[in-house]
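A quick write-up on the structure given underneath.
Chains as they are written, first to last, in my numbering: chain A, 803 to 1393; chain B, -16 to 63.
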């Protein structure tokens, strides 16, 4: 929804929040329900109402629990029956500098201040530990914004007695905790308040009148940043940046100006702005975001521009290049298909609002940030929060390389007339085993991001995956696949639940990067072997249809399962006897 | 700006904030007359009215305002 896209009009959002909510809820899009508990140290009412709008816009349908005013600590240490019954998927601690108990005083010795800092830190740690013990779900904690006055002026930041210094030290403690705990995330209130403008943000009027720790106008900016984090935690971040070329990656139109006429490099302010933008885009790639080109140009000209000696990006940086005169929405669809992803995973960066409208009209889930002036390109992409990661793992960092390797596989494929021979030639090797702690983050990430090759679309938190790993009643299998071109990383997850001598498959998914390589057969062989070892006689598979997983409708049939039932929604149940099972994997060597 | 004009503009703001096209304000309208007008929505309402008329209410005015009529009087006195 355009009104909720950065840069948004805060007044408008605040004033129209009710009708915006009504529009979002009636737009017919499917959303994932999530339960969010908000424990506030200040008024949370409009924070929650506006957060809801941004989450709805991101495909999440939240229901909220708000504790009694200011009771964040009490509720965390002694959760009430209502909070327990709510069973949150996520807990958000909305605290701020207004909740600091003991500020340093001018007369305090360093020892006293050290103790005050330790006390404040341990107060919060006790809160987090209590919440973890009771709820085992992700927690988001605001860090602390800078004080709105500096008694010591510029010295407030380094003098131990300065409140600014105290806040910095407290934030360092929060950051250390975040680095050490996978289920704990920081909502960077410190950054958002600075970005908004600290003096307006912390206008005491709103605290004294309404007990809001920020001015009303800041609420949309704050809520938007928080929503970006929440959507990342639930695996709803975007995966691809599709870029236009003319006046997006360089100044000018290469078809008209020629490669020597476009502005990119060090020559003048404009050229340097585009260069800096190219550098930013390359940094996104290093986080595992896939880059593509979607430009109305002859391919020759497009490549010439990308090979400009003073450019920072090169043709090789892009997994897909679409430079032609077709409509951009068709190109975007093809780009998505070639990458094995859904169009909704794409952020489309184009300076032309008409092109943006064409693409978003066809694919409402695509984000197309406002790209008005090159000076604002980085700002708008960054504040949009499209690619914010909840965590980064090895597979993310190598993703661009993986797409590169896929291109080589496709070229090789074209040289074989027999598909089986092609698969043999890949020299594939798979590591398939029961969950281990090191892979839990990646297993969880893949589980929450996979939509197409996903039989049940069941989502798990890291805690739930750990429970699967540790429980004798569950079988959790991961699969990693390598071939002569490179490592695909962790690409498949299977979770089964044992009841007597039956194994119910709760989860079966695979990354679309490795479709048609027979990896699913290797996983099935491993599951069957594991089941037999535990004297399970029947494996039961389930398929729950969604808008996105049609491709696996008959997967269990292809495995040799027998259909037991089908309901009016198209959900199917299948069974396989483990006795007499024969291996189905022919081309992958098991490590 | 006369009182009728102020009331008309206020009406538009109220309809927006409460997402209710059926609202018709009079000087005598109070929070009891509009279902969702509680102390928390009052905050949004005040902010919206301030933005519409480019004024700031004083703190004590926000908490002691008894009906729309009193709001209109303050706006008439303060808005340019």
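The beta carbon of each residue, even a glycine, is placed where N, CA and C say it ideally should be. Owing to the predicted nature of the structure, the values given are computational and were not obtained by experimental measurement.
Beta-carbon separation (whole angstroms), residue i vs residue j, contact threshold 8 Å
i                       : j                       : result
residue 1244 of chain A : residue 1292 of chain A : 5 Å
residue 1271 of chain A : residue 1242 of chain A : 7 Å
residue 42 of chain B   : residue 48 of chain B   : Incorrect: roughly 11 Å between the Cβ atoms, too far for contact.
residue 12 of chain B   : residue 848 of chain A  : Actually they are not in contact, since the Cβ atoms of residue 12 of chain B and residue 848 of chain A sit about 23 Å apart, beyond 8 Å.
residue 1305 of chain A : residue 1277 of chain A : 7 Å
residue 1056 of chain A : residue 982 of chain A  : At roughly 49 Å, the Cβ-Cβ gap does not stay under 8 Å, so residue 1056 of chain A and residue 982 of chain A are not in contact.
residue 1160 of chain A : residue 1148 of chain A : Actually they are not in contact, since the Cβ atoms of residue 1160 of chain A and residue 1148 of chain A sit about 14 Å apart, beyond 8 Å.
residue -4 of chain B   : residue 30 of chain B   : Rounded, the Cβ-Cβ distance is 10 Å, inconsistent with contact.
residue 1089 of chain A : residue 1189 of chain A : 7 Å
residue 1046 of chain A : residue 1153 of chain A : 7 Å
residue 865 of chain A  : residue 837 of chain A  : 5 Å
residue 1400 of chain A : residue 1099 of chain A : Any question about residue 1400 of chain A goes unanswered here, given that chain A covers just 803 to 1393.
residue 855 of chain A  : residue 826 of chain A  : 7 Å
residue 1279 of chain A : residue 1333 of chain A : So it is not a contact: roughly 11 Å between Cβ atoms.
CB contact check: residue i to chain B, cutoff 7 Å
i                       : result
residue 1173 of chain A : no
residue 867 of chain A  : no
residue 817 of chain A  : yes
residue 1262 of chain A : no
residue 813 of chain A  : yes
residue 847 of chain A  : yes
Contacting residues, own chain, Cβ-Cβ under 6 Å from residue i (five flanking each side not counted)
i                       : result
residue 1122 of chain A : 1094, 1137, 1140
residue 812 of chain A  : 1019, 1022
residue 1393 of chain A : 1231, 1233
residue 965 of chain A  : 905, 949
residue 998 of chain A  : 1020, 1023
residue 1261 of chain A : 1250
Nonlocal neighbours in the same chain, by C-beta distance under 7 Å from residue i, ignoring five residues either side
i                       : result
residue 1114 of chain A : 1077, 1080, 1081, 1084
residue 923 of chain A  : 972, 975
residue 61 of chain B   : 38
residue 1268 of chain A : 1242
residue 1030 of chain A : 1187, 1190
residue 1353 of chain A : 1254, 1255
Chain-order list of residues whose beta-carbon lies under 8 Å from that of residue i (same chain, five-residue window excluded)
i                       : result
residue 991 of chain A  : 898, 944, 945, 946, 947, 1024
residue 844 of chain A  : 872, 896, 897, 898, 900, 901, 1009, 1013, 1014, 1015
residue 874 of chain A  : 841, 842, 843, 895, 896, 897, 901, 929
residue 908 of chain A  : 953, 963
residue 833 of chain A  : 858, 861, 862, 863
residue 1110 of chain A : 1052, 1061, 1064, 1066, 1067
residue 1349 of chain A : 832
residue 1389 of chain A : 1222, 1225, 1226, 1228, 1230, 1319, 1320
residue 806 of chain A  : 815, 822, 855, 856, 859, 1026
Distance cut-off 6 Å: residue i Cβ against heavy atoms of the ligand ATP
i                       : result
residue 1152 of chain A : What this structure holds is no ligand at all, so the ligand ATP is not there to describe.
Short CB-CB distance (under 7 Å) between residue i and chain A
i                     : result
residue 48 of chain B : no
residue -7 of chain B : no
residue 21 of chain B : no
residue 15 of chain B : no
residue -1 of chain B : yes
CB contact check: residue i to chain E, cutoff 7 Å
i                       : result
residue 1183 of chain A : Looking at the structure shown, chain E is missing, and the protein chains on hand are A and B.
Any C-beta of chain A within less than 7 Å: which residues of the segment 1 to 12 of chain B qualify?
For chain A, the residues of the segment 1 to 12 of chain B that bring a beta carbon within less than 7 Å of one of its beta carbons are 1, 2, in chain order.
Contact residues within the segment 25 to 53 of chain B, judged by C-beta distance below 7 Å to chain A
Residues 26, 27, 30, 31, 34, 42, 45.
List, from N- to C-terminal side, the alpha helix (DSSP H) runs of 4 residues or more that fit wholly inside the segment 1216 to 1252 of chain A.
Along the segment 1216 to 1252 of chain A, the alpha helix (DSSP H) occurs as fully enclosed runs of 4 or more residues at 1221 to 1227, 1242 to 1251, listed in sequence order.
Threshold first: 3 residues or longer. Then list the beta strand (DSSP E) segments lying entirely within the segment 1133 to 1163 of chain A, N to C.
List check, beta strand (DSSP E) in window: 1148 to 1151.
Pick out the complete beta strand (DSSP E) segments inside the segment 1062 to 1109 of chain A, 3 residues or longer, and give them in chain order.
For the segment 1062 to 1109 of chain A, whole beta strand (DSSP E) runs of length 3 or above, ordered along the chain, are 1092 to 1098.
Near-chain B residues of the segment 818 to 836 of chain A - C-beta to any C-beta below 7 Å:
Those would be 818, 820, 821, 824, in chain order.
Where the segment 1007 to 1037 of chain A meets chain B: residues whose CB sits under 7 Å from a CB there
Only those residues of the segment 1007 to 1037 of chain A whose C-beta falls short of 7 Å from the nearest C-beta of chain B are listed: 1011, 1012, 1018.
Completely contained alpha helix (DSSP H) runs for the segment 874 to 955 of chain A, where each covers 4 or more residues
Along the length of the segment 874 to 955 of chain A, whole alpha helix (DSSP H) runs at least 4 residues long occupy 874 to 879, 883 to 888, 912 to 937, reported in chain order.
Uninterrupted beta strand (DSSP E) stretches inside the segment 947 to 998 of chain A (no shorter than 3 residues)
As for any beta strand (DSSP E) of minimum length 3 sitting wholly inside the segment 947 to 998 of chain A, the runs are 986 to 989, ordered along the chain.
Within the segment 1268 to 1346 of chain A, note down every full beta strand (DSSP E) run reaching 3 residues or more, in order along the chain.
1276 to 1285, 1288 to 1301, 1304 to 1312, 1340 to 1345, all fully within the segment 1268 to 1346 of chain A.
Which runs of the beta strand (DSSP E) spanning at least 3 residues fall entirely within the segment 812 to 858 of chain A, listed in chain order?
Counting whole runs of 3 or more residues, the segment 812 to 858 of chain A contains the beta strand (DSSP E) stretches 834 to 842.
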